[in-house]
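Heads up: the structure comes next, in structure tokens.
Structure below.
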């Protein structure tokens, strides 16, 4: 039994050895070969890397040497250029030094020459001063005047000549400015007048109402005059019934009342029923019609002139000017014309056109109430406009259009000028022959009242007064002063439309007869 077990054990050990041998032959042996091959390959690569590193090292050393050579060459080149530039600078400095040396030499020479000339000039100046002293002494001896007296005389003479020259220049400048301003003003005024065309209606203090027949006069008078008394009481006018055929005259200073009476009487004549009750109804209706006509006239004036934003009470007063006249000129039409003229001139001068138009339209508003309020109508107008909160510039321009207050703005002066143009143009206003003659006589009397006046003549329908003076009593300066004094006295003592030109004429004649 023991032997088989041993045999089995031996057989098992042999098998294990065989397995180990087979495993060594199959796995261990090939791996060792591969390991050796890999080691050999690693050794080869190591040698190859060492060779590559050595070659690279040599290449880098060569490149470093080349770069160092290039840098050395560039540095040497820059050094050469800098040395060349420094040499150029040195040459320039040397040239400048040489130039400066030459200039210094020249300056030394010039200084020596100038010093010599100064010495010579000093000698000549001493000689000249001595000669001047001798001549001054000789002049003083000849003229019998000291140097101070001669200098004072010369200065006075020069001052007189300068004063005459300055006065001449001032006079020429004033004449030129006056001529130019007159020309410009004439151009502006002419253009404004050409652009403005306003109809004028002349009225008087009476109105004539035509009748269909003379028998109507009795009906207007009524039984025991009750109709005419009722009519006059209600309208506040006077009815003049005389021998004038087929006409009745209405007389009254209030133009609005006169217009109401005219319309009422015309309506009564057309209706034919004339008695106190009917008269009262007709007068009331005529008053409403006149109020409506005045309101429409004011609205038309505002529309025509382009003035807006007026207070209703101002419009009402403006409408009342429709039936108001001044020297025969309708005041509303005159106000419209002044507004157009002032606006046209303001446009030419490039100032406030709406302000000029507004002040021009409202400048005579005081004439609608001056029967009720005392004072100049221009100042009344200014107070009315202030009351209704018109702009201060408009109030001032309206109040200054007759110089009752001093105008302080261009627009105020333009309204003043436009008012004068509208009032003084031919045909705008009229006056009776008696008033006209008295005005001319008054003008001549005022001019004759001044000393030195020889004769005075009112010409151009009283628009100009020409004063002839005695040349031995009035000089040129006195003539100018006399013209101002005459104009001032005319302004203070007379009332007239427009303006009056005062011309003082001084004429000197030398007459001799050959025998």
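In our numbering, the protein residues as written are 67 to 581.
Backbone N, C-alpha and C define an ideal beta-carbon position, used for all residues, glycine too.
On a predicted model such as this, the values are computed, not experimentally measured, just so you know.
Test item: CB-CB of residue 323 and residue 303 under 8 Å: yes
Apply the 10 Å Cβ neighbour rule to residue 483 and answer buried if 16 or more other Cβ atoms are within range, or exposed otherwise. buried
Among 478, 480, 457 and 562, which one has its Cα closest to the Cα of residue 509? 562 is the residue among 478, 480, 457 and 562 whose C-alpha sits nearest the C-alpha of residue 509.
The alpha helix (DSSP H) with residue 419 in it runs from where to where? 419 to 428
Neighbour-count burial assignment, residue 97, 16 or more Cβ in a 10 Å radius: exposed
Note down, in chain order, each residue of its chain lying with its Cβ closer than 7 Å to the Cβ of residue 267, except the 5 sequence neighbours on either side. Because residue 267 carries a pLDDT of 42, less than 50, the predicted location of this residue cannot be relied on, and no value is offered for it.
Go through its chain and collect everything with a Cβ distance to residue 361's Cβ below 8 Å, but skip five positions before and after it. Taken in chain order, the residues that qualify are 381, 382 and 385.
C-alpha distance - residue 390 paired with residue 331, whole-angstrom precision: Their backbone Cα atoms lie some 20 Å apart in a straight line.
Supposed contact pair residue 459 and residue 477 - C-beta distance, whole angstroms, cut 8 Å: 6 Å
Which runs of the beta strand (DSSP E) spanning at least 3 residues fall entirely within the stretch 298 to 323, listed in chain order? Those beta strand (DSSP E) runs which fall completely within the stretch 298 to 323 and span 3+ residues are 304 to 306 and 313 to 317.
With a CB to CB cut of under 7 Å and the five nearest residues on each side skipped, what residues in its chain are close to residue 300? 345, 346 and 349
Taking the alpha carbon of residue 519 as the reference point, which residue from 160, 539, 505 and 156 has its own alpha carbon closest? 539
Among 170, 192 and 445, which residue has its Cα nearest to the Cα of residue 429? 445
For residue 521, the residue or residues it bridges with in DSSP: 534
For a quick check, are the C-beta atoms of residue 546 and residue 568 less than 8 Å apart? no
Could you tell me how far apart the beta carbons of residue 485 and residue 404 are, in whole angstroms, since I believe they sit closer than 8 Å? Residue 485 to residue 404, Cβ: 5 Å. Contact.
Could you pull out every residue in the same chain whose Cβ sits closer than 8 Å to the Cβ of residue 576, ignoring the five residues on either side in sequence? Result list for residue 576: empty, nothing under 8 Å.
Taking the CB atoms as reference points, tell me whether residue 316 and residue 287 lie closer together than 8 Å. no
Going straight from the alpha carbon of residue 452 to that of residue 481, what length do you get? 18 Å
Assuming residue 401 contacts residue 427 under a Cβ cut-off of 8 Å, what Cβ separation, rounded to an integer in Å, is found between them? Correct: roughly 5 Å between the Cβ atoms.
Helix, strand or coil for residue 273? Go by DSSP, reduced to three states. When secondary structure is reduced to three states using DSSP, residue 273 falls in the strand class.
Straight-line CA distance for residue 336 to residue 274? 15 Å
Per DSSP, residue 567 forms a beta bridge with which residues? 530
DSSP bridge partner residues for residue 206 (one or two, in chain order): Partner(s): none; residue 206 has no beta bridge.
Inter-residue Cα distance where the pair is residue 227 and residue 241: 21 Å
Is residue 535 closer than 8 Å to residue 505 when the C-beta atoms are compared? no
State the DSSP-derived secondary structure class of residue 293, mapped to helix, strand or coil. helix
Pull up the distance between the alpha-carbon of residue 419 and that of residue 410, whole angstroms please. 8 Å
Taking the Cβ atom as the reference point for each residue, do residue 277 and residue 314 lie within a distance shorter than 8 Å? When the beta-carbon positions are compared, residue 277 and residue 314 come within less than 8 Å of each other.
In whole angstroms, what separates the C-alpha of residue 153 from that of residue 143? 15 Å
Considering only residues of the same chain and omitting the five flanking positions on each side of residue 461, which have a CB-CB separation below 7 Å? 448, 451 and 452
Any idea which residues DSSP pairs residue 591 with across the strands? Absent from the structure is residue 591, since the part of the chain shown begins at 67 and ends at 581.
Other residues of its chain near residue 52: CB distance less than 7 Å, five sequence neighbours each side excluded: Given that the chain is displayed from residue 67 to residue 581, the structure contains no residue 52 and the question cannot be resolved.
Would DSSP call residue 396 helix, strand or coil? strand
Go through its chain and collect everything with a Cβ distance to residue 318's Cβ below 6 Å, but skip five positions before and after it. 303 and 324
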